[in-house]
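Chains A and B, in that order, are what the protein sequence lines are.
The letter at position 411 of the first sequence is residue 410 when you use numbering that gives the first Met the number 0, and the numbering goes up by one with no holes.
The letter at position 129 of the second sequence is residue 128 when you use numbering that gives the first Met the number 0, and the numbering goes up by one with no holes.
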Amino acid sequence: MNTAATDTEDVQKEESMILQKAMISANYDALSTAHEEGKKISSTFVPGNLNELLMCFDFVRNLPEINALQAGMRKKSGGYIMEAERSGHSEDVCTYVKSDLGMMSKGQVGPNGKPLPTPDLLLLSYTGCFTFMKWFELVRDQYDCETAMLHVPYQADGKITENMRHFVVTQLKEHVIPTLERVSGIKFDIDRLREYLRESAKAEDDLVWVLQSAKNRPSPIDAYFGGVYYCGPIFTAFRGTRETTDYYKSLRVEVEDRLAKGLGPVTPEGTLDEERIRLVVEGPPNWTHFRDFWKMFYDEGVVVVASSYTKVGGVYDFGFRHDPDNPLETLADYCLGCYTNHSLPSRVDMLCNYMDEYQADGFLVNSIKSCNSFSAGQLLMLREIEERTGKPAGFIETDLVDPRYFSSANVKNRLESYFQMIEQKKARGQDRTAA
Amino acid sequence: MALEEIVEHCQNLYDDLDFSSVNRWKNAVSGRKVVGHMPVYVPRELIHAAGMLPVGILGGGDQLDVIHGDAYYQSYICRIPRSTIELAVTGRLDVLDGMLFPSTCDVIRNLSGMWQLKFQDKFVRYVDVPQDFDLDVGGAFYTRELQQLRDDLAELSGNEITDEALNASIALYNENRRAISELYAYRSAQPWQVPTPEVYLLMRAGMLLPVDEHTSLIHDYIAAAQAVKRPVRDNCRVVVNGLFCEQPPLGLLKSIEMAGCYIVDDDFMLVARWLLKDVPTTGDPLRNLSHAFINYSVETSCKYVPTREAKGKFLIDSVRKTHAEGVIFSSPSFCDPALLDRPMLQKALTTQGIPYTAFKFAENSGQMQPIREQAGTFADSIKLWSAA
């Protein structure tokens, strides 16, 4: 199936992945040395992150979800979670939270092997996930540091109202920015913010181009397993920087080249030769067995052509771009527009649009035990999407970073059956067309 | 009414999963409408001022056989949304003309979207409340949200909601809150006279009855309870916490009391106790409701606590005010707000030397023996410490 199928130790990576790895490592190093260098640290969440704003105050940015994700990929999250459960946290709640708290209890060592310093500020952007609010209350309880709360109202009726936008902007003006000024000791410069937002918009254009390249046959990218890499810089500590603009430029060139050559996505075992099935996937991936999970797809020639998870840190493919001419309003619209801040009907519409635009053969839900924001309602979404598109839908259950909830054999069995079902349905469709 | 009659009346309302009393109210006058709401808090005054009946939808409890509801949810999601869906798909909620989903957690939030998808002919609104408690910021946002809700409810009902009507509704709900405060104060003073299962049933009745009728019922209950003398038991005094959304089976409350604990404060049916003081009945009613929310509403797991120092203070104050000797955390399985909050609340109690115990339940939990044993052991340990 793969042209460069090699030993799994010899993992194939795109240039952009190597570049991104260097950016992430540099950020962890910057976090490790921030206090020695007199810099302040802000922790904040991925959805609704205000990276451009934090950069105006020279904060080094720490993202607890990314730390948990990294711990998951490095097989450390299981121990962290059990540590948190031993100290009284329920087995029922989000494992990102418990991985983060467990990491703190076990010496707060970051993925670079160096201690992560205590943040100076928790910027709690409460966007699309109730757990965020409790998570930072819990972290605040440990660190005893200042917290700036930004309440982002939920788009329950599928639209951003003037009241919602005004509320977010007023909080930024009245509470968030003054707190950032106080903690950092740096005065807010709106022109600096505009500059960062200008850079963000450039990178967003290229990201959207890359994600939409999956409309081609074969798709030159995998928009879920590969997609999480592509979204990494723009969803985290890098949006608004020149290096991110450059990263997305180089990623686009890379994908343009693959597209011109008619190549499929790069997998850890090389380029996928034959695209047999095209899927749209809803829900986050599992991180503890990321590569095994991905292999279950590419071994069967399955390519994910669109996913909702790559919209969790911002929905850009329906036209939104950060707008330097309206800096605070655009931050509000960005926060309000993140995927899990959309109502279920909006999410269904979005996914049906993907099924159509990306010519998908099926729709798969990876339901995550930890994440009710995504998961509650997914079974109804699945039925709606199946009914509206007439394409077969599949359902698997895993978790973000709790290895106890990833049952390889179960997931593989379910996926294989699902892929067979799609192929049979496709074959029947082709027979009918031929007849 | 005699005490037994009042309790029996409330028990009948509680047992009736077909909402017969609501149907009777609706059918009594042509054109009447009913709006349901999930826990924890919605401004019921607005529904009332539109001439409609607010009805608390609190899941199916332990008597409903959930057949369809489970097909909508994964095993790791709490019980209340699945039994609520069950009530709806089996036609029991057909009496409702609309449904409000308050800002409680991601599950209830997403349930609002499920309702939009599944029941497209029904009025559905998500009621977002501010987590920013600055009057000029969160308060202003909430006032404008209330205005939108007022407009929407007026359209649904066909009745304009005037300031006068809304102030009159606020006055009725103030009376109701005062009556409930009186009931709670009475229970705290003499818990043997006011068993919590009875308080619970009375509060549940308030989720179905018109507000003035419920207020009268509470007054009648207090008068009837005062007229009888019930035996004083050697129970300890506890506050129960975590019951704000998914409802405990009645057997759970009975088990806690049978195990030797008088419940002297709780957090169920918070919608009826959310505002801690009277809301002014003159001036701009929306602004008054909004200010009441910002300035004097309860603390619960669904709300952000702006400072580390304030975390748990509300619970500690409740313990002190009611002279409770301990706290029982009774949280629904898979309830994110309650379970994420619990370690912080426990820590706050520890700093004050207040003992606690914790367990989980589901609305359909049938086996109460483990809970009775745990509550009993907790009661014994409190008594032993007190003796020491």
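C-beta atoms are modelled at their ideal positions from N, C-alpha and C, and glycine is treated no differently.
None of the values given here were measured: they were computed from a predicted structure.
Presumed contact (8 angstroms Cβ cut-off) between residue i and residue j, rounded CB distance
{"i": "G259 (chain B)", "j": "A378 (chain B)", "result": "4 angstroms"}
{"i": "D156 (chain A)", "j": "S372 (chain A)", "result": "That belief does not hold up - the Cβ atoms of D156 (chain A) and S372 (chain A) are roughly 18 angstroms apart, past 8 angstroms."}
{"i": "R124 (chain B)", "j": "V270 (chain B)", "result": "So it is not a contact: roughly 15 angstroms between Cβ atoms."}
{"i": "N352 (chain A)", "j": "Q154 (chain A)", "result": "That belief does not hold up - the Cβ atoms of N352 (chain A) and Q154 (chain A) are roughly 16 angstroms apart, past 8 angstroms."}
{"i": "V278 (chain B)", "j": "I169 (chain B)", "result": "5 angstroms"}
{"i": "A426 (chain A)", "j": "V304 (chain A)", "result": "About 20 angstroms separates the two Cβ atoms, so there is no contact after all."}
{"i": "F58 (chain A)", "j": "K39 (chain A)", "result": "5 angstroms"}
{"i": "V65 (chain B)", "j": "S82 (chain B)", "result": "5 angstroms"}
{"i": "V9 (chain B)", "j": "L200 (chain B)", "result": "The sequence as given places Cys at residue 9 (chain B); Val does not occur at that position. Their Cβ separation, rounded to whole angstroms, is 4 angstroms, which keeps C9 (chain B) and L200 (chain B) in contact under 8 angstroms."}
{"i": "T195 (chain B)", "j": "D265 (chain B)", "result": "7 angstroms"}
{"i": "N111 (chain A)", "j": "S31 (chain A)", "result": "7 angstroms"}
{"i": "G263 (chain A)", "j": "D272 (chain A)", "result": "6 angstroms"}
{"i": "I293 (chain B)", "j": "F132 (chain B)", "result": "5 angstroms"}
{"i": "V231 (chain B)", "j": "A323 (chain B)", "result": "Rounded, the Cβ-Cβ distance is 17 angstroms, inconsistent with contact."}
Closer than 8 angstroms at the beta carbon, the chain A residues around residue i
{"i": "V106 (chain B)", "result": "N371 and A375"}
{"i": "A70 (chain B)", "result": "L378"}
{"i": "M37 (chain B)", "result": "Correct list: empty, because the minimum Cβ distance to chain A is about 13 angstroms."}
{"i": "K310 (chain B)", "result": "E136 and D140"}
Amino acids of chain B, ordered along the chain, whose beta-carbon sits closer than 9 angstroms to that of residue i
{"i": "P284 (chain A)", "result": "Ordered by position in chain B, no residue passes the 9 angstroms Cβ test against P284 (chain A), which lies about 17 angstroms from the chain."}
{"i": "V347 (chain A)", "result": "G112 and L116"}
{"i": "G101 (chain A)", "result": "Chain B residues near G101 (chain A): none, gap ~13 angstroms exceeds 9 angstroms."}
{"i": "F234 (chain A)", "result": "Here the premise fails: no neighbours, minimum Cβ distance about 20 angstroms."}
Contact set between residue i and chain A, taken where Cβ atoms lie within less than 9 angstroms
{"i": "V238 (chain B)", "result": "None at all; the shortest Cβ gap to chain A is about 19 angstroms."}
Identity of the residues DSSP links to residue i by a beta bridge
{"i": "I176 (chain A)", "result": "The partner list for I176 (chain A) (beta bridge, DSSP) is empty, contrary to what the question assumes."}
{"i": "D264 (chain B)", "result": "B:V238"}
{"i": "Q10 (chain B)", "result": "Looking at the DSSP assignment, Q10 (chain B) forms no beta bridge with any residue, so it has no partner."}
{"i": "K359 (chain B)", "result": "B:S330"}
{"i": "V54 (chain B)", "result": "B:G35"}
{"i": "N61 (chain A)", "result": "A:S42"}
{"i": "T397 (chain A)", "result": "A:I367"}
{"i": "F362 (chain A)", "result": "A:V279 and A:A392"}
{"i": "L148 (chain B)", "result": "None, per the DSSP bridge assignment."}
{"i": "H341 (chain A)", "result": "A:Q154"}
{"i": "Y108 (chain A)", "result": "The residue you asked about is not Tyr; residue 108 (chain A) is Val in the sequence shown. Paired residue(s): A:P114."}
First through last residue of the beta strand (DSSP E) which encompasses residue i
{"i": "R277 (chain A)", "result": "I276 to E281"}
{"i": "P101 (chain B)", "result": "G97 to P101"}
{"i": "E268 (chain A)", "result": "Careful: E268 (chain A) lies outside any beta strand (DSSP E) and carries neither H nor E."}
{"i": "L149 (chain A)", "result": "E145 to H150"}
{"i": "S187 (chain B)", "result": "Segment D162 to A188 is the alpha helix (DSSP H) holding S187 (chain B); no beta strand (DSSP E) there."}
{"i": "F122 (chain B)", "result": "F122 to V126"}
{"i": "A305 (chain A)", "result": "V301 to S306"}
Chain-ordered neighbours of residue i on chain A, where CB pairs are closer than 7 angstroms
{"i": "E144 (chain B)", "result": "N162"}
{"i": "V304 (chain B)", "result": "E136"}
{"i": "R307 (chain B)", "result": "R139, D140 and D143"}
{"i": "M343 (chain B)", "result": "E136, L137 and D140"}
{"i": "Y125 (chain B)", "result": "Y153 and A155"}
Residue span of the alpha helix (DSSP H) that contains residue i, given as start and end
{"i": "L249 (chain B)", "result": "L249 to M257"}
{"i": "E84 (chain A)", "result": "S76 to R85"}
{"i": "M54 (chain A)", "result": "N50 to M54"}
{"i": "L206 (chain A)", "result": "I189 to Q211"}
{"i": "L201 (chain B)", "result": "T195 to A204"}
{"i": "L120 (chain A)", "result": "No alpha helix (DSSP H) holds L120 (chain A); the beta strand (DSSP E) holding it covers L120 to Y125."}
{"i": "S289 (chain B)", "result": "P284 to N294"}
{"i": "V278 (chain B)", "result": "V278 (chain B) -> no alpha helix (DSSP H), and no H or E assigned at all."}
{"i": "C230 (chain A)", "result": "G226 to F234"}
Under 8 angstroms by beta carbon: chain B residues contacting residue i
{"i": "K368 (chain A)", "result": "Q73 and Y75"}
{"i": "K133 (chain A)", "result": "S300, D335, P336, L339 and D340"}
{"i": "T130 (chain A)", "result": "D105, D335 and L339"}
{"i": "Y125 (chain A)", "result": "Q130 and Y303"}
{"i": "L62 (chain A)", "result": "Those do not exist, as L62 (chain A) stays about 19 angstroms from chain B at its closest Cβ, beyond 8 angstroms."}
{"i": "E173 (chain A)", "result": "D133, D135 and V136"}
Q) Quick check: the stretch 77 to 92 of chain A against the stretch 341 to 361 of chain B, are there 3 or more CB pairs under 8 angstroms? A) Yes, they touch.
Checklist entry - Counting pairs of beta carbons, one from the stretch 277 to 285 of chain A and one from the stretch 212 to 224 of chain A, are three or more of them closer than 8 angstroms? => result Between the stretch 277 to 285 of chain A and the stretch 212 to 224 of chain A, the count of C-beta pairs closer than 8 angstroms reaches three or more; the two stretches touch.
* Indicate whether the contact test is met: 3 or more Cβ pairs, each with one atom in the stretch 88 to 103 of chain A and one in the stretch 215 to 229 of chain A, closer than 8 angstroms. => Too few Cβ pairs lie closer than 8 angstroms, so no.
*Between the stretch 212 to 219 of chain B and the stretch 174 to 184 of chain B, do at least 3 Cβ pairs fall closer than 8 angstroms?*
Two segments are said to touch when three or more pairs of C-beta atoms, one from each, lie closer than 8 angstroms; by this definition the stretch 212 to 219 of chain B touches the stretch 174 to 184 of chain B.
> How about the stretch 253 to 271 of chain B and the stretch 148 to 158 of chain B: do they share at least three Cβ pairs that are nearer than 8 angstroms?
Replying inline: As far as the Cβ criterion goes, the stretch 253 to 271 of chain B does not touch the stretch 148 to 158 of chain B, which means the pair count is below three.
> Is it a yes or a no for the stretch 99 to 113 of chain B touching the stretch 34 to 43 of chain B, going by three-plus beta-carbon pairs under 8 angstroms?
Replying inline: With a cut-off of 8 angstroms, the stretch 34 to 43 of chain B and the stretch 99 to 113 of chain B count as touching, because enough Cβ pairs lie within range.
Q) Touching or not, the stretch 237 to 253 of chain A and the stretch 62 to 71 of chain A, by the rule of three or more beta carbon pairs under 8 angstroms? A) Between the stretch 237 to 253 of chain A and the stretch 62 to 71 of chain A, the count of C-beta pairs closer than 8 angstroms stays below three; the two stretches do not touch.
**Q.** Cβ pair count under 8 angstroms reaching 3, the stretch 353 to 369 of chain B against the stretch 156 to 167 of chain A
**A.** No, because fewer than three Cβ pairs between the stretch 353 to 369 of chain B and the stretch 156 to 167 of chain A fall closer than 8 angstroms, the two stretches do not touch.
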